[in-house]
Amino acid sequence: MQLGDKYEAQSQFVDAKQLFKNALTIMQTIGRKREEAMVHGRLGIVLRRLSNMQKAKRHHQKALAIAIEIGDRQREGASYGNLGNVLCSLGEYQKAKEYHNKALTIAIEIGDRQRQGTDYGNLAGELGYLGEIQKAKEYHEKALAIAIETGHKQSEGIFNGNLGSLFYSLGEYQKARIYQEKALAIAIKIGCKEGEGHFCGNLGSVFASLGEYQKAKEYLNKALSIAIEIGDKRRQVAVYASLGSVDYQKAKEYQEKALAIAIKTGNKHEEGSINGNLGEVFSSLGEYQKAKEYCEKALAIAIEIGNTQEEGRLNRNLGSAFYSLGDYQKAKGYQEKALAIAIENGDRKGEGISYDDLGMLFYSFGEYQKAKEYHEKALAIAIEIGDKQGEGTINENIGTVFCSLGKYEKAKKYHEKALAVAIEIGDRQRERKANGKLGYVFYSLGDCQKAKEYQERAFDIAKEIGDRQGEGRISGDLGSAFYSLGEYQKAYECTEKALATAIEIGDREGEGRIKGNLGSFFCLLGEYQKGKEYNEKALATAKEIGDRKREGIGYQRLGRIYSELRKNQEAIQYLEKAVGVSKVIGDRNLEAHSIMSLATVFASMNDNQKAKELLEKALTISREYGHRNVEAQIYKTLGYIYDSFGECGKAEDCLEKAYSMSIQIGDKMIEFKSLLSIAQFKISHSKVEEAEKYLLRCIGKFEQIRNSVEGNNEFKMSLSEEHSTLPYKLLVRLLCDTEKFQDALYVEELGRARLLAELMADNFKYSAESQISANPHSWVGIENIAKRESNCVVLYISYLKRQVLLWVLKVNGDICFRKSERVKNNTLIAECVCDVEGIFKKCAAGFGVLPEANCEDRSLDDTVTTSTREKSRENFQSEQTKDTERIHQLCYKWIVAPVEDLLTESEVIIVPDRFSYRVPFAALCDEPAGKYLSEKYRMRMVPSLTTLHHIQECPVDYHCQTGALVVGDPTVGQVHYNGRLIDITPLFYANKEARMVGQLLGISPLLGGCATKQAILQAIPSVSLIHLAAHGNAERGEIALSPQSTANSIPQEKDYLLTVSDIQGVQVRAKLVVLSCCHSGRGLIKKEGVIGIARAFLASGARSVLIASWAIPDEATATLMKHFYKLLVRGESDRESLNQAVQWLRSNGFPKPSEWAPFVLMGDNVTFDFKKRGKEELKEDNKEEKKGTE
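Residue numbering for the sequence shown follows full-length UniProt numbering, starting at 1 and increasing by one per position.
Printed below as a string of C-alpha cells:
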C-alpha cells in the first residue's frame, strides 16, 4: 500500500492501481476491515485520476459501507468527501454537494479542523458550478482561514489557489492573479514542487486572459519544466493544453503532445478534454470539419466515462462546429442538448453559456427577437452568479443583435457595458473585441472617424498583448473600415497585413476571408481579373474548410465580377448559388446582397421588370436586417429601374435616399456613385443646371477618394481609369452644350495626365496649391500657358463616343472652341468599329513592322528568342494600304479640318486624349495628294497643359547643360523574362547607331557589356542628353540592359531591366532623352495618357523625350538620327532638328509615311551648346559638299 502511495504521488496511476488491488486482496484475505476501507478509498482516488468514474464511485461506496459498519467516523467522513469529488467530476453537482455537506458535518462533529477546511473547499467548488458564487467565495475563505489557523501551509497554498481559480472563472483576473501568486509563494517556501508547478500553470492561464502572453508563456513553460522534472504526466498534459491556448502557431503541436501523454497514461478524462481542445484549435484555424471530428471523439469519451459536465461542454462545441459548417439544424440540436444537461446538473454557468450560444444561433437564422430573448436569459444568469466575464460577453452579443435590428444607439450602450466590464476585470482580449464592435456601431451610425478610432484602439491592444490572431482580424476590420471611408491606401495596407498574419499563424478561415476582401478591393480599382483570382482562392478555402457562409459570399462576389466582365450567364449561375447558400444557412444579409447583384445583371440585360422584382425583394430583406450599406446600393439601382419605367418621382426619391444614406454611413464610393446617378437622371430629364451642380459635387467627391490613396500612384491611376471618365466627360459635354467652353476645358484638364503632373510638381518642388481642382474658383489662368510659348498654337483634343471636341489656345490668350460633326453610323460600320475611339485605335495599324521587315527588332516581348539580323535583309513590306489612308483622312476631317483656320502659327503643340495618341499626326493630310501636316507645321506633344506649365516653370539651372549618355546594343544574353528563359540577341544596327551618335557628340558610348543597368542609373542624373538604342517592351515600359556579371546564376529581371520605377527612382536632369527602341512611344493607354518609359522620363525631370510609335527600316533610322544630331550639335532646337531631318528623309529615298512619320517629340523645345562640335560638323559637311561638286 505504501508503494502504491509512492507511485500515485509520481502520477504513475496504472501501477499504483495494480499495487492497491494487490493490497486489497491481502486485506480481504486477512480480514483487516479498517485497512480494507482505506485501500478502497485509495483505489477510488486513483481510478478517478484515470477518469474511470463509475469504478471509482463503487470503491468509495464500499469504503463508506465498511466505515459505517465498523463505526470509523473519520473514514466515513473521508468517504463522503471522496464520493462528492467523483460526483462533481461527473457533473452531478447537487448530489456532490449533499455528500460534501455530510463530510463537513462529521468533520465538525469529530473536531477535525484540517478536514473541515478540505470540505469547505470542496463545497465551494460545487457551489460555484451551481451558480451560488457568493456562498462559494465564503466557503473558500473559510477553508483558507482554517488552513492559516492550523498552520497547514500546503493547504493554505491550495486554498489561495482555489480562490484564485474562482475569481478567474468570474473573469476577475487581477484578483485571480493576487491569490495565485500567494499560492505560488507558499509552494516555493515549503519546497512543494508539485504545487509550484500547479500554480505556475494557473498563473500562466491568468496572464493569458489578461492579454500578457509573454508572461503567460514564461509561467506555463516553468510549469512544464517542473512537471517533466517530477514526472507528473497529468500536469504535463494540462500545461501542454494551456500552452496551446496562448501560442497559436504551436497550438496544434502542444495539444497533440498532451493527447499522446493522456493516451499513454490511460487518463480517459484528459484524453477527452484534449480532443475537445484540439477541436477548438481547429475551429480557431477555420478547419471546421476537423474540429467536428475531434469534438465527436471527445464527446464519445465523456459519455463513456459518465462525465456529464464535459458532455454538456462538448455538445456546445459541436453546436459551434456545425454552425460554422453551415448545418444550423444540427447545431441547434447540439446546443439544446447542452442546455438540457446543464439544467439537469444544476450547472447555472453552463446553462447561461448554452442560452448565449442558442442566442447566437438564432441570430444567424435572422430571428433577432428570439436571439435577444436567449441572450437576455444568459445575461440574467451571469449577473445572478457574479460571472463578470460572461456578463461582458453577453452584453457584446446583445449589442450585435441590436446592430442587426438597426438599433445602433441601443447596440452602442450594450457594447459600452461590455467594454466597461472588460476594463474592470482586466480582460484585455475582451477589451479588444469590445473596441472593435464599437467601431462597427459608430460606422453604422455614420460616425466613421470614431469608428476608425475604436478599430485602431482594438488593433493597438491586440499588438500590445501579442494576440497575433486578434491583430490579424482587427487589421482586416480596419481595412474594411478604411475601405468604407474611401481611404483605400490605408485599407489596402491593413488588409495586406491581415493576410500576412493569417498565413503566418495558419488561420485558414481568416486567410480565405481576407483574400476575398482583397478581391473586392481590386475590383474597385477596375482590376477584375486580379479580383477574380483572389475571390476564387477565397471560395476554394471556404469549400475546403466547410465554411458555408464564406462560400456563399464567394459565389456572390464572383457573380458581381462576371457581371462587370459582361459574362452574364456565368454571373447568374454564381449569384443563384449564392442565393441558394444564403437560404440554406439562413443568412438574410447575404441573401439581400445576392438578390441585389442578380437584379443588376438582369438590368444590364434590359430585363428591367425582373430586376425591379428582385430589387424590391432585396430591399424588404435589407430593411429587416438593418444593413444600410446594402440598402443604399439597392436604392441607387432601383432609381435607374423606376426611371426606365417612367416612374420619375419614385426614381428620384430612390436616388436621393441612396445619396442621403451614403452620407449617413460615410461610404464615399456609394456617395460618389449616387451623385453620378442623380446627375444622369437630371440630364435625362433636361434639368441641365441641376445636373451641372450634381456633376461638380460628384467630381469633388471623386477627388476626395483619389486623394485617399496619396503615395500609391498605381492605385490613383486605377481609380481614375475605373471611375472618373464618365462624370468628367458628362460634365465636359454638358458645359459645351451650354457654351461654357472654357469651363469645359478646365474640367478636361483636371482629368488629364493628373498623376504625371503631380510627379513632375513633386520633382520640381512646386506647390500643389497652384493646381486646378474640382472647385471652379481655381479655374483661372490656363490661357497664360500658351502665352509663354512663341510662334505656336496649342491644339487640345477630347473625344466623346461620336464626336471630337477641340480647343485652340493662341499666344495672345484667346481660347477658341470647335467640334467635329457627329459621326454617322454608316461611317463607323464601314470601318467595323463602334465609335470614334475605334478609329483612333486603328490609326497606326498599317504602319506596324513585322519581324520579317527590313529592320532589326528592338522590341522586347514574348517573341524575342532569335536574332532578326538575317531577317533584316529581306524586303521592307509595310506599305500604307487604302484602308489606312481612308482612316487618316477621317482623323484629318475630325481633328484638323474644324480648326484649320485657327492654326495660324508655324508650330502646333498637340495635347492628345487617350487613344488619339495613336494618331500619326505628322502623316495626316487633307487629301490623298495633299500636303502632310508635318510639311505645314513643326509639331510636338504634351500630355496636358499642366505638364507643359511645369516644364515652363522649371528653373533654368535644374537641367544639366553639358554631358551626354549614349547607350547602344547592351549585351544581355540568356535571362529570366516574364516567367521564362529567353536569349536576347545582339542589335547590330543599334550598336552602329550608338557609335555614330557618340562620334557626333564627341563622347564614347556605352556598348555591349559596358552598358550595365548600374552604370546607366549612375550616369543618368549628371548628363544633359540621353540616347538609348536597345531592346525595349513598350507595353511594360522596360529597356533591356547588360546585367552585372554573375558567376553561375542566370540574371533575373531586376538585374538587367531598366523599368519605369527605376527611372522614377532617380533624378533625371537631361534636357532631351532619345528612346531609339521599337515602339518606344507606345504603352498602355489610359485616361492618364500613355503609360510607358517615355512618361517615366518626363515624370522624373526630363524636359523633352523623342519617341517612335513604330519601327522603321534600319537605314531610315540611321539616316534620320545622323541628320537630327548634326542639326542639334549645330545649335538647332530638338523640334527644328527633327523637322528638318524628317523633311530630308522624305525627300531622299524614304517617301512613305511609314518610313518617316513615327518620330514624335514629347515635352519642351530644347537646344544645346555644342559650339565646338558644331563647327567641326559644319567643316565636315562643307568638305562633303565640295567633293560632291567636283
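No residue lacks a Cβ here, since even glycine has one placed at the ideal position from N, Cα and C.
As the structure is a prediction and not an experimental result, all values here were calculated from the model.
For residue i, which residues from the same chain have a beta carbon less than 8 Å from its beta carbon, with the 5 sequence-adjacent residues on both sides left out?
i, result
"Lys617", "Ile595"
"Val579", "Glu591, Ser594, Ile595 and Leu598"
"Lys893", "Ser820"
"His60", "His40, Gly41, Gly44, Ser79, Asn82, Leu83 and Val86"
From the options, pick the residue whose C-alpha is nearest to that of residue i; which is it?
i, options, result
"Leu590", "Leu614, Met360, Arg566 and Arg550", "Arg550"
"Tyr7", "Arg886, Val39 and Val46", "Val46"
"Gly91", "Glu344, Gln116, Lys532 and Arg548", "Glu344"
"Gln704", "Lys687, Ser724 and Ala691", "Ser724"
"Gly639", "Leu615, Leu695, Ser622 and Leu809", "Leu615"
"Glu156", "Glu138, Ala176, Gln664 and Lys182", "Lys182"
"Met38", "Asn52, Gln12 and Glu76", "Glu76"
"Arg1135", "Asp460, Val1074 and Leu756", "Val1074"
"Tyr454", "Ile465, Ile474, Gln469 and Gly466", "Ile474"
"Lys612", "Glu624, Lys636 and Asp743", "Lys636"
"Glu1132", "Ala1108, Phe1150, Phe1170 and Leu278", "Phe1170"
"Ile1050", "Val1066, Ile106, Ala1102 and Ile984", "Ile984"
"Ser169", "Ile514, Leu1028, Ala382 and Ser674", "Ala382"
"Gln1044", "Gly1008, Ala258, Leu1138 and Glu689", "Gly1008"
On the three-state DSSP scale, how would you describe residue i?
i, result
"Lys687", "coil"
"Tyr89", "Before going further, note that residue 89 is Ser rather than Tyr in the sequence given. Of the three classes helix, strand and coil, the one that applies to Ser89 here is helix, per DSSP."
"Phe817", "strand"
"Arg940", "strand"
"Thr985", "coil"
"His1027", "strand"
"Val1066", "coil"
"Asn22", "helix"
"Gly700", "helix"
"Ser225", "helix"
"Gly968", "strand"
"Ala990", "helix"
"Met760", "helix"
"Glu126", "helix"
"Asn1139", "helix"
"Arg788", "coil"
Where residue i and residue j are concerned, what is the direct C-alpha to C-alpha distance, given to the nearest angstrom?
i, j, result
"Ala342", "Gly546", "29 Å"
"Arg42", "Gly272", "24 Å"
"Ala147", "Gly121", "11 Å"
"Ala260", "Glu253", "11 Å"
"Glu304", "Ser89", "13 Å"
"Leu850", "Gly519", "Residue confidence for Leu850 is low, a pLDDT of 40 falling below 50, so the modelled location carries little weight; the figure read from the coordinates is stated next. C-alpha separation (whole angstroms): 38 Å."
"His40", "Ile190", "30 Å"
"Phe13", "Lys62", "20 Å"
"Phe1124", "Ala1157", "14 Å"
"Cys1077", "Leu756", "22 Å"
"Leu539", "Glu652", "38 Å"
"Gln389", "Glu509", "26 Å"
"Gln961", "Ile1026", "12 Å"
"Gln952", "Arg788", "8 Å"
"Tyr796", "Phe1097", "23 Å"
"Tyr670", "Arg560", "Here residue 670 is Ile; the residue named in the question, Tyr, does not match the sequence. Between Ile670 and Arg560, the C-alpha separation is close to 16 Å."
"Gln1018", "Leu1006", "13 Å"
Starting from the C-beta of residue i, find all residues in its chain whose C-beta is less than 6 Å away, skip the five residues before and the five after it, and write them out in chain order.
i, result
"Ala64", "Sequence check: residue 64 is Leu here, not Ala. Here the set comprises Ser79."
"Ala451", "Gly439, Phe442, Tyr443 and Ala481"
"Lys33", "Ile66 and Ile70"
Within the same chain, show all residues whose beta-carbon is closer than 7 Å to that of residue i, passing over the 5 residues directly before and after it, in chain order.
i, result
"Ala542", "Gly512, Arg550, Glu551 and Gly554"
"Lys577", "Tyr555"
message: Going residue by residue through the region 350 to 396, where are the continuous alpha helix (DSSP H) segments of at least 4 residues, counting only ones entirely within it?
response: 368 to 385
- request: With a floor of 4 residues, list each alpha helix (DSSP H) that falls wholly inside the region 880 to 912, ordered by position along the chain.
  value: 882 to 891
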